[in-house]
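There are 2 protein chains.
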Amino acid sequence: MQLRMTNQREMILRELVKNKQHFTADELYDIVKKLMPRISLATVYRNLEILSEAGIIGKLEISGRQKRFDYDPEDHDHIYCVVCQRVDNLNIDRTGDEAKRLALVEGYAVSGYRLEVIGICQNCQNKEKAKEKKQ
Amino acid sequence: MQLRMTNQREMILRELVKNKQHFTADELYDIVKKLMPRISLATVYRNLEILSEAGIIGKLEISGRQKRFDYDPEDHDHIYCVVCQRVDNLNIDRTGDEAKRLALVEGYAVSGYRLEVIGICQNCQNKEKAKEKKQ
DNA sequence: CTACAATTAGTATTGATTATTAATAGTAGG
DNA sequence: CCTACTATTAATAATCAATACTAATTGTAG
Ligand SMILES: [Mn+2]
Ligand SMILES: [Mn+2]
Ligand SMILES: [Zn+2]
Ligand SMILES: [Zn+2]
């Protein structure tokens with residue numbers, strides 16, 4: 039019942055980990071397709087799902103966006119750019135969770151939380167500044 | 039250029055505020071349809087979008103879920119039930135934002151954040167307990 | 001009134017994701 | 001090496017929330 043490491047699965051995992059980015063399924067599909075031209079997009083979706091289910095990678099379901107997959111399966115938070123959709127890790131300590139404590143007041147059994155910080159990345163800030171100068 | 043309050047728009051807003059819940063567009067459509075049988079689902083979607091754009095209601099884009107709309111447009115956080123999808127408000131102070139401070143380290147210009155606490159609501163906990171007893 | 005702009009109902013389309021299916025490949029025994 | 005079985009795949013169809021389109025209707029300002 040353990041997962042078999044097929045060529046496709048291995049390739050998908052390797053490229054995700056190697057690039058250390060938070061890819062969407064189709065971004066990763068484009069990368070893997072170059073190395074394995076006959077691979078199907080559905081295979082990428084299926085294996086990303088399986089790998090995240092197995093705890094080998096992480097899945098980021100960012101509000102109102104395409105799903106992204108994370109080379110790091112450990113719990114951590116993210117910041118994302120509203121301009122270019124780039125996603126980066128945040129290293130915020132997750133031990134003293136005020137959120138969890140407060141939630142208990144509502145009668146919920148809390149299992150976790152997700153923190154998404156929203157902003158504009160350095161790159162996009164620079165581009166915007168360059169544009170302003172032109173005007 | 040200000041927004042016209044059409045019958046449909048007014049009805050959608052009234053029912054959202056009256057029920058004080060975090061409805062999806064189609065949940066609200068079902069409610070409004072009873073009072074206004076000829077209304078179109080697209081009209082509900084369109085007006086919810088317009089109303090949230092105007093800052094009259096809030097929009098909740100919860101990770102990997104259908105969008106929900108909030109009778110309260112003020113910034114606040116939410117907890118949601120993984121079993122029944124119910125969404126409730128959290129009243130966590132949003133003034134001392136460690137998240138924003140840390141994010142600056144990464145070079146981002148931070149505009150806000152979203153905190154989603156995940157758990158099981160009282161109701162669903164009770165149902166699960168009842169089930170366990172039966173076995 | 002008249003002309004123009006905004007809105008609507010109804011429907012089609014989009015886009016991400018999941019499901020289906022027939023073909024292929026890996027595996028464990030004999 | 002065979003055989004039977006299971007997992008996986010490529011390709012494609014289906015799903016589903018959300019948005020776009022379009023012709024008809026309604027509100028508004030002169
Ligand atoms: Mn990450
Ligand atoms: Mn709320
Ligand atoms: Zn950016
Ligand atoms: Zn519940």
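As you go down the protein sequences, you meet chains B and W in turn. Just so we're aligned: 86 in my numbering is position 48 of the first sequence, and the numbers increase by one with no gaps anywhere. Just so we're aligned: 84 in my numbering is position 46 of the second sequence, and the numbers increase by one with no gaps anywhere. Every residue gets a Cβ at the ideal spot worked out from N, C-alpha and C, and that includes glycine. The structure displayed is predicted, hence computed values, not measured ones.
The C-alpha of H60 of chain W is placed about 23 angstroms away from the C-alpha of E136 of chain B. Annotation for C162 of chain W: the continuous alpha helix (DSSP H) segment containing it runs 160 to 172.
Our two residues, G102 of chain W and K105 of chain B, have alpha carbons roughly 8 angstroms apart in a direct line. Bounds of the alpha helix (DSSP H) holding R84 of chain W are 79 to 91. In the same chain as I88 of chain W, and ignoring 5 residues on each side of it, the C-beta atoms closer than 7 angstroms to its own belong to L41, in chain order. Assignment of Y67 of chain B by DSSP, reduced to helix, strand and coil, places it in the helix class. Looking at the DSSP output, C119 of chain W shares a beta bridge with W:G157. The Cβ of C122 of chain W sits no closer than 8 angstroms to any Cβ of chain B. Taking C-beta atoms under 8 angstroms as the contact rule, L98 of chain B and H116 of chain B qualify, at a distance of about 7 angstroms. With distances taken between CA atoms, C159 of chain W lies nearest to W:N127 out of W:V82, W:D108, W:N127, W:G134. When DSSP reads this structure, Y151 of chain B sits in a beta bridge with W:V155.
In terms of beta-carbon proximity, K138 of chain B lines the interface with chain W, with at least one pair separated by less than 8 angstroms.
A check of alpha carbon separations from N85 of chain W across W:A63, W:R132, W:L140 identifies W:A63 as the nearest. The nearest non-hydrogen atom of ligand 2 is less than 7 angstroms from the C-beta of G96 of chain W. Taking 8 angstroms as the cut-off between beta carbons, the residues of the segment 143 to 165 of chain W near chain B are E144, G145, Y146, A147, V148, S149, G150, Y151, R152, L153, E154, V155, I156, G157, I158, C159, Q160, Q163, in sequence order.
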